[in-house]
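Trainee: Here's a structure for you.
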Amino acid sequence: MLEFIPRPAPSAAARVRTTLGALLAGLGLAALAFLFMGVDPVKALASILAGSFLSPYGLGETVTKAIPLILAGIGLSLAFTGRLWNIGAEGQLLAGATAATAAALLIKDSLPSFLTIPLLFAAGGVGGAALALLAGWLKTRWRVNEVIATLMLNYICAEFVQYLIYGPWKGPTQSGFPYTDNFAASAVLPVLGATRIHWPTLLLALAAAVGAWVLLNRTRFGFELRAMGGNPDAAAYAGMDSSRTTLVVLALSGGLAGLAGVGEVAGIHQHLTYPWAVSSGYGYAAIIVAWVAALNPLLAVPSGLFLGGIMVGGDAIQISMGLPAAAISLFNGLLLLSLMAGEFFLTYRPRWRRA
Amino acid sequence: MEKSVSPDLLTDTLTRTLAAGTPLLLGTLGEICAERGGVINLGVEGMMAAGAVAGFGTAMATGSPWAGLAAAIAAGAGLALVHACLSVTLKANQIVSGIALTMLGLGLSGVWGKPFVGTPLSARFTSVEIPLLSDLPVLGPALFQRDPVFYLTVALAAGLAFFLRSTRWGLILSTVGENPLAADSAGIPVSLVRYSAVVFGGALAGMAGGYLSLVYVPSWIEGMTAGRGWIIIGLTIFAGWEPWKAVLGSLLFGGIDVTQYLFQAAVPPNFLKSLPYAATLLALMTGSKNASGTAAPPAALAVPYRPGER
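Chains as they are written, first to last, in the numbering used here: chain A, 654 to 1008; chain B, 2 to 311.
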């Protein structure tokens, strides 16, 4: 019969092998799902790849979509390391976008660009952090489960953004569309050449990856966070203040998602628009980014690029093969499930034994 | 204009409250079952969505709402089996696995449901009138002239309450959720019990989705679960893992759903739509304040059982 033997702690190489294997298995399952949808799986996967990585335009779009995924994915890696299940990156991204829009509408063109843009990022970071802190306060003060708290706030935020764009913030210059007025030119992020890559946000994301890695691996706070995630009882026994750690890491996590939101409104749309247009599920896809990266902030960069590619490829096959938008959610679900299953084989070795 | 509470308005409000509360109750009963056995399943939103579309599609294809309900149950149970396999056999992180399940379920429902968007349901449940009781004023039409799934749900709530409280099997389930090692030593097959609890929970979540598309709306709209799956996770905690408290919680949240219609004129619609989500947070806050009112979660909740390992 088949039995499973526990393995010693896995090496980095084993980790990489397993992750790649799980991703391949996920792609295989997705191919199967395409087959059931009556779509040629080889053609579908080929056009995902062609649409996302193999053309200059596609590559630009992949990087553009990777920016919010990397930022939010780094934040979630930090939170998940402390076993804080922040599922609210979607709402925190919207909160950041809303705060940045408030700043942009307030400042208009009264300040030069080199002042306006940092102010926008500051406002967005604070906005995202504030929303995450609200969930943190609910958890530490009222013992509300953070999964529920962050998720409920996602829904509430999406409704609030709609209230703003249909109501008090509806721009008179948008000829009836539910958008705010466009940002002043000084509040719009510069892009690389003919792409939509808003490079200031990309630089922030890369800096955040390094910063978060240092925080996690080279500081006392990082040690406390890992201790809290590894063994909360022992961490409490050692006199660590888990409430403080919880609030700080949630603020960081939400702040990073907030920065991602700034990039979307100031770099892509140049106004606040429908919540589902500001974030096409980046906050949820970022959960996979964090998991593919094995919660390592540096690895969130390639992992964010990979997921960005899948999102762009998903758009491509929606158009070319007439698949519904939900196909990507299906694809993402299969990937994450494969990753979860793959982890088992890192800690256990299957062995066939004759009964 | 003077407003008075007419019996018609009362009946109407009660009818709508119960209709909105029924899928919440079904899902909460299912999640209570899974969590009592020690497995948290955050995939309720996905299982509901899959149940809703499977139920609708099958009812349309066969012309039978009962076949639709059966398909909804099967879809929920099938997805739950994936979660059970990951969390029980493969000992995966249950939080992330549940979220993956939600993505999968929402994705599947969007893909399957594409041809049904905007089609009204042709095969509906006929309402069943309970003799004598249905003639009661106000309560009669609201409680005793309803679709059969409503009665089934009430029976399930009573059945699960009895099962957990008064049967040996209920005790076994709770032992597996509280202390799997002790259960194992007593010869209880921990994995089998957990598989059964999770799959049964998924069946009820699928049924809850089926209720949405076959009775409550009745039609298929992408995203029609609208966060109800997550509210159900909250309700499970709010109910302290007790079926009878789940009945109260579902009534409360069904009522909150209905207030959206009552205050339409006075409050911006987006604020009304936020109400159930905000109420979930409030409910969980009051639950923790009143410590005697909320039970502790099962001790082994979300902890995989690894026999022979420390």
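Ideal placement from N, C-alpha and C gives every residue a C-beta, glycine not left out.
Decide if E656 (chain A) is buried, meaning its Cβ has at least 16 other Cβ atoms within 10 Å, or exposed.
Mentor: If you number the first sequence from 1, residue 656 (chain A) lands on position 3. By the C-beta density criterion, E656 (chain A) is exposed, having fewer than 16 other C-beta atoms within 10 angstroms.
Trainee: Pull up the distance between the alpha-carbon of W113 (chain B) and that of A209 (chain B), whole angstroms please.
Mentor: On the second sequence, residue 113 (chain B) is found 112 positions in, with the first residue counted as 1. On the second sequence, residue 209 (chain B) is found 208 positions in, with the first residue counted as 1. Near 18 Å, if we compare the C-alpha coordinates of A209 (chain B) and W113 (chain B).
Trainee: How would you call I972 (chain A), buried or exposed, if buried means at least 16 neighbouring beta carbons within 10 angstroms?
Mentor: Start at 1 with the first residue of the first sequence, and residue 972 (chain A) comes out as number 319. By the 10 Å Cβ count, I972 (chain A) comes out exposed.
Trainee: What are the residues that DSSP puts in a beta bridge with R1002 (chain A)?
Mentor: Position 349 of the first sequence holds residue 1002 (chain A). When DSSP reads this structure, R1002 (chain A) sits in a beta bridge with A:I658.
Trainee: At 3 residues or longer, what runs of the beta strand (DSSP E) sit wholly inside the segment 121-168 of chain B?
Mentor: none
Trainee: Less than 8 Å separating the beta-carbons of L878 (chain A) and T848 (chain A)?
Mentor: Position 225 of the first sequence, counted from the first residue, corresponds to residue 878 (chain A). Position 195 of the first sequence, counted from the first residue, corresponds to residue 848 (chain A). No. Outside cutoff.
Trainee: Can you pull the chain B residues whose beta carbon is under 7 Å from the beta carbon of W944 (chain A), in chain order?
Mentor: Taking the first residue of the first sequence as 1, we reach residue 944 (chain A) at position 291. The answer, in chain order, is V97.
Trainee: With a CB to CB cut of under 7 Å and the five nearest residues on each side skipped, what residues in its chain are close to S895 (chain A)?
Mentor: Locating residue 895 (chain A) in the first sequence gives position 242, where the first residue counts as 1. For S895 (chain A), where only same-chain residues beyond five positions count, the Cβ hits under 7 Å are M881, P885, A888 and A889.
Trainee: Determine the closest residue to V89 (chain B) out of B:G22, B:S135, B:R166 and B:S197, with distance taken between C-alpha atoms.
Mentor: On the second sequence, residue 89 (chain B) is found 88 positions in, with the first residue counted as 1. Nearest option by C-alpha distance: B:S197.
Trainee: 8 Å is my cut-off, CB to CB: does S705 (chain A) come that close to chain B?
Mentor: By one-based count along the first sequence, residue 705 (chain A) stands at place 52. Not one chain B Cβ lies under 8 Å of S705 (chain A).
Trainee: Any beta carbon of chain B sitting closer than 8 Å to that of G820 (chain A)?
Mentor: By one-based count along the first sequence, residue 820 (chain A) stands at place 167. Taking 8 Å as the threshold, the shortest C-beta distance from G820 (chain A) to chain B falls below it.
Trainee: Taking the C-alpha atoms as reference points, what is the distance between P955 (chain A) and V942 (chain A)?
Mentor: The residue given as residue 955 (chain A) occupies position 302 in the first sequence. The residue given as residue 942 (chain A) occupies position 289 in the first sequence. The straight-line gap from Cα to Cα measures roughly 9 Å.
Trainee: How is the alpha helix (DSSP H) around H84 (chain B) delimited, first residue to last?
Mentor: What you label residue 84 (chain B) is simply residue 83 of the second sequence in a count that begins at 1. Residues P66 to A85.
Trainee: When you compare each of A:V844, A:A837, A:Q815 and A:A840 to F830 (chain A) by their alpha carbons, which one comes out closest?
Mentor: By 1-based counting over the first sequence, the position of residue 830 (chain A) is 177. Of A:V844, A:A837, A:Q815 and A:A840, the residue nearest in Cα terms is A:Q815.
Trainee: Restricting to Cα atoms, I'd like to know which of B:P244, B:C86, B:P298 and B:I232 is closest to P277 (chain B).
Mentor: On the second sequence, residue 277 (chain B) is found 276 positions in, with the first residue counted as 1. When each option's Cα is compared against that of P277 (chain B), the closest is B:I232.
Trainee: From this set, B:P132, B:G28, B:G38 and B:M104, which residue's C-alpha is nearest A73 (chain B)'s C-alpha?
Mentor: Position 72 of the second sequence, counted from the first residue, corresponds to residue 73 (chain B). For the residues B:P132, B:G28, B:G38 and B:M104, the minimum Cα distance to A73 (chain B) belongs to B:G28.
Trainee: Measuring only between beta-carbons, confirm whether W790 (chain A) sits less than 8 Å from chain E.
Mentor: Of the protein chains in this structure, namely A and B, none is chain E.
Trainee: So, I41 (chain B) versus A301 (chain B), is the Cβ gap smaller than 8 Å?
Mentor: Within the second sequence, residue 41 (chain B) is the residue found at index 40, counting from 1. Within the second sequence, residue 301 (chain B) is the residue found at index 300, counting from 1. No; because the gap between Cβ atoms is not below 8 Å, this pair is not in contact.
Trainee: If distances are taken between C-alpha atoms only, which option among A:P977, A:Y935 and A:L729 comes closest to W738 (chain A)?
Mentor: Along the first sequence, one-based indexing puts residue 738 (chain A) at 85. It is A:L729.
Trainee: Counting only C-beta atoms, is P950 (chain A) closer than 8 Å to chain B at any point?
Mentor: Along the first sequence, one-based indexing puts residue 950 (chain A) at 297. No, because no Cβ of chain B sits closer than 8 Å to the Cβ of P950 (chain A).
Trainee: Spatial neighbours of S766 (chain A) within its chain, please: C-beta separation below 7 Å, excluding the five flanking residues on both sides.
Mentor: Mapped onto the first sequence, residue 766 (chain A) falls at position 113. Once the five neighbours on either side are set aside, the close Cβ partners of S766 (chain A) are S839.
Trainee: In terms of residue numbering, what span does the alpha helix (DSSP H) encompassing F733 (chain A) cover?
Mentor: Here residue 733 (chain A) refers to the residue found at position 80 when the first sequence is read from its first residue. Taken as a continuous stretch (DSSP letters only), the alpha helix (DSSP H) holding F733 (chain A) covers P709 to T734.
Trainee: Check whether the Cβ atoms of R668 (chain A) and A947 (chain A) sit closer than 8 Å, and answer yes or no.
Mentor: As a working mapping, residue 668 (chain A) is identified with position 15 in the first sequence. As a working mapping, residue 947 (chain A) is identified with position 294 in the first sequence. Yes.
Trainee: Using only CA atoms, which one of B:I100, B:S98 and B:P116 lies nearest to W221 (chain B)?
Mentor: Translated into positions along the second sequence, residue 221 (chain B) becomes position 220. B:P116 is the residue among B:I100, B:S98 and B:P116 whose C-alpha sits nearest the C-alpha of W221 (chain B).
Trainee: Beta carbons nearer than 9 Å to chain A: which residues of the segment 220-239 of chain B have them?
Mentor: E223, A227, G228, W231, I232, I234, G235 and I238
Trainee: Just to confirm, is the Cβ distance from N807 (chain A) to G741 (chain A) under 8 Å?
Mentor: On the first sequence, residue 807 (chain A) is found 154 positions in, with the first residue counted as 1. On the first sequence, residue 741 (chain A) is found 88 positions in, with the first residue counted as 1. Yes, the Cβ-Cβ distance between N807 (chain A) and G741 (chain A) is below 8 Å.
Trainee: For A162 (chain B) and P244 (chain B), what's the separation of their Cα atoms in angstroms?
Mentor: On the second sequence, residue 162 (chain B) is found 161 positions in, with the first residue counted as 1. On the second sequence, residue 244 (chain B) is found 243 positions in, with the first residue counted as 1. Between A162 (chain B) and P244 (chain B), the C-alpha separation is close to 5 Å.
Trainee: Looking at chain A, is there any beta carbon in it that lies within less than 8 Å of the beta carbon of G108 (chain B)?
Mentor: Stepping through the second sequence from its first residue, residue 108 (chain B) is reached at position 107. So, interface residue.
Trainee: Could you give the residue range of the alpha helix (DSSP H) that holds S98 (chain B)?
Mentor: Here residue 98 (chain B) corresponds to residue number 97 of the second sequence, with the count starting at 1. Where S98 (chain B) is concerned, the enclosing alpha helix (DSSP H) stretches over Q95 to G114.
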